[in-house]
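Here is the structure we will look at.
2 protein chains.
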Amino acid sequence: MKRIADSTVRRLSLYLRFLEDFEQRGLETISSDELAQRGGTTSAQVRKDLSFFGSFGKRGLGYSVPELSRRIREIIGLGREWRVIIVGAGKIGAALAQYQGFAQRGFHIVAVYDSSPEKIGRSWNSQTIRDIRQLEHDTAREKPDIAVLTVPSEAAQAMLDRIVKAGIKAVLNFAPVQLQAPPDVTVKSVNMAMELEGLSFALTNRD
Amino acid sequence: MKRIADSTVRRLSLYLRFLEDFEQRGLETISSDELAQRGGTTSAQVRKDLSFFGSFGKRGLGYSVPELSRRIREIIGLGREWRVIIVGAGKIGAALAQYQGFAQRGFHIVAVYDSSPEKIGRSWNSQTIRDIRQLEHDTAREKPDIAVLTVPSEAAQAMLDRIVKAGIKAVLNFAPVQLQAPPDVTVKSVNMAMELEGLSFALTNRD
DNA sequence: GCTAACTTGTGAACGAATTCACAAGCCCCC
DNA sequence: GGGGGCTTGTGAATTCGTTCACAAGTTAGC
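Top line first, the protein sequences correspond to chains Z and F. Here the first sequence stands for residues 224 to 430, numbered as in this note's numbering. Here the second sequence stands for residues 224 to 430, numbered as in this note's numbering.
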């Protein structure tokens, strides 16, 4: 299959959100233009994005909301449940663990780890915080799909190495550092500091 | 000035982090290639990024770590303190409010707002949570530069409109929705759901 | 069944961002 | 002080992503 741009996948994700909204309101069809307006893009972009995966619309009419919805979910891989572990039970980990949006989309938190003796054993939103030393052992048995990494920057690379070695192929990193991983492991980073600096730049370099 | 790509600014932010690291370790000079390797890019990319703003290096030698560091800080606009307000005192807001990385980079949280009577008045990491109804009044007086938006999705657009009307020109949004703002207002979004779906896509569409 | 009004799907044109490739400059050592 | 070994800065080439533009298909109304 032709390589799909990251930006395309992000937009699909966005379209899906609108489609679910439309679905709930009982709307039957939607045009690429309506989708584009809500997503802040163009109708050509929407059609191009979808065309990488097939042709889902009807000329003259638009797209069937339930069908397109289903198709995008399928493309993104939301048809199944994903098993997620959270590594690092700090403030961000806490916020994530109880964030409802995850479960809704099929991302189920199956374990939470930390290294601090005060935290290990404490209960946390229906999860007991486990000792990080169990990571490899648990992973071999429970086969999580995705690791969310919320440890301090200094520890992030070493922990990623352990996660990779344990066989997990997808990581969402919250530490504000650049991580190195083998090519068969996908790492996405959420870097608030970087976003803030983007704002700083925008405020500083106005015309 | 020529328009600078978003990706360029993000990389500058990244380089700066490495430079600060080098600075602390007392290193004097660094080459574009070393910077590139840590940042997961190429030396040509590094040099091109910098060349938009001037020529800071010495041929044959590389870049002076302290000087380049200073220059990038200047470019990004980190020479001054930015006044930040947090709108929405939920779990994510809490995690952000106590995140030390912000203050280190000159982003100072000057106020936290919420609409819930149980939260208003409570103290929170050296800030008292204020009534959201004060937003316009406070903003006129305290002139914050940046608003961090951590309210539920349903409330996000309406709150953004208020923030914009109050005269704030930069917003960091954590609600997983697409927001509309006038062109003179910069909005950056951190969307964890979207990143997770990116991972789902990557796991699903392996070769 | 024909026409008018729409909307999709997609090659082609365009534009933006990255990579290439090399001249120009600097340092060190002999 | 001249040569060899580096490294920058930058036009040119290339790759990648977006937008244009239009043929082809669909629906509705008459």
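The beta-carbon is built from N, C-alpha and C at its ideal position, and this holds for glycine as well.
Contact with chain F by residue i, beta-carbon distance below 8 Å
| i | result |
| --- | --- |
| Z:L237 | yes |
| Z:M415 | yes |
| Z:T265 | no |
| Z:L426 | yes |
| Z:A318 | yes |
| Z:G421 | yes |
| Z:T362 | no |
| Z:R328 | yes |
| Z:I332 | no |
| Z:K314 | yes |
| Z:K411 | yes |
| Z:D337 | no |
Close-in-space but distant-in-sequence residues of the same chain around residue i (CB under 8 Å, 5 per side omitted)
| i | result |
| --- | --- |
| Z:D272 | T231, R234, L235, Y238 |
| Z:D392 | The identity of residue 392 of chain Z in the sequence shown is Lys, whereas the question assumes Asp. Excluding residues within five positions, the ones whose Cβ falls inside 8 Å are D368, D407, V408, T409. |
| Z:P340 | none |
| F:Q380 | V400, L402, Q403 |
| F:W347 | A312, A317, A320, V335 |
| Z:V288 | L242, F245, E246, L250, E251, T252, I253 |
| Z:I352 | A312, V335, Y336, D337, K342, I343, G344, R345, S346 |
| F:I227 | F275 |
| F:F325 | V307, L319, H331, I332 |
| Z:S376 | A398, P399, V400 |
Bridge partner(s) assigned by DSSP for residue i
| i | result |
| --- | --- |
| F:R261 | None; F:R261 has no bridge partner. |
| F:R353 | F:Y336 |
| F:N396 | F:L372, F:S412 |
| Z:T252 | Z:S287 |
| Z:S346 | Z:T351 |
is_contact[residue i, chain Z] using C-beta, thresh 8 Å
| i | result |
| --- | --- |
| F:Q401 | yes |
| F:G484 | Summary: the structure shown does not reach residue 484 of chain F, with chain F confined to residues 224 through 430, and so no result is reported for it. |
| F:L233 | Sequence inspection shows Arg at residue 233 of chain F; the Leu mentioned does not correspond to that position. Yes - at least one Cβ of chain Z is within 8 Å of the one on F:R233. |
| F:D354 | no |
| F:Q321 | yes |
| F:E243 | no |
| F:G496 | One cannot answer for residue 496 of chain F here, as it falls past the ends of chain F, which runs 224 to 430. |
| F:E418 | yes |
| F:D229 | yes |
Residues of its chain near residue i, where Cβ-Cβ distance is below 6 Å and the 5 sequence neighbours each way are ignored
| i | result |
| --- | --- |
| Z:L395 | V371, K411 |
| Z:G311 | T373, V374 |
| F:D354 | I343 |
| Z:R261 | F241 |
| F:F330 | W305, V307 |
| F:F397 | I315, T373, V413 |
| Z:E418 | none |
| Z:S255 | S266, V269, R270 |
| Z:Q350 | V335 |
| F:A425 | none |
Close Cβ partners of residue i (< 7 Å) along its chain, the five nearest in sequence each way excluded
| i | result |
| --- | --- |
| F:L358 | Y336, R385, A389 |
| F:F279 | L273, Y286, E290, L291, R294 |
| Z:L284 | T252 |
| Z:D265 | Checking the displayed sequence, the identity of residue 265 of chain Z turns out to be Thr instead of Asp. Around Z:T265: A259. |
| Z:L301 | R328, G329 |
| F:M382 | V310, L372, V374 |
| F:V333 | R306, V307, I308, E365, P367 |
| Z:I298 | L235, F276 |
| Z:V387 | A404, P405, V408 |
| Z:A416 | P399 |
Any C-beta of chain Z within less than 7 Å: which residues of the stretch 294-312 of chain F qualify?
I299, G300, L301, W305
May I ask you to list, following chain order, the residues of the stretch 365-399 of chain F that have a beta carbon less than 7 Å from some beta carbon of chain Z?
D368, I369, K392, A393, L395, P399
Considering only residues of the stretch 256-339 of chain F, which uninterrupted beta strand (DSSP E) runs meet the minimum length of 3 residues and lie entirely inside it, listed in chain order?
285-287, 305-310, 330-337
Going along the chain, which residues of the stretch 247-262 of chain Z sit with their C-beta nearer than 7 Å to a C-beta in chain F?
R261, G262
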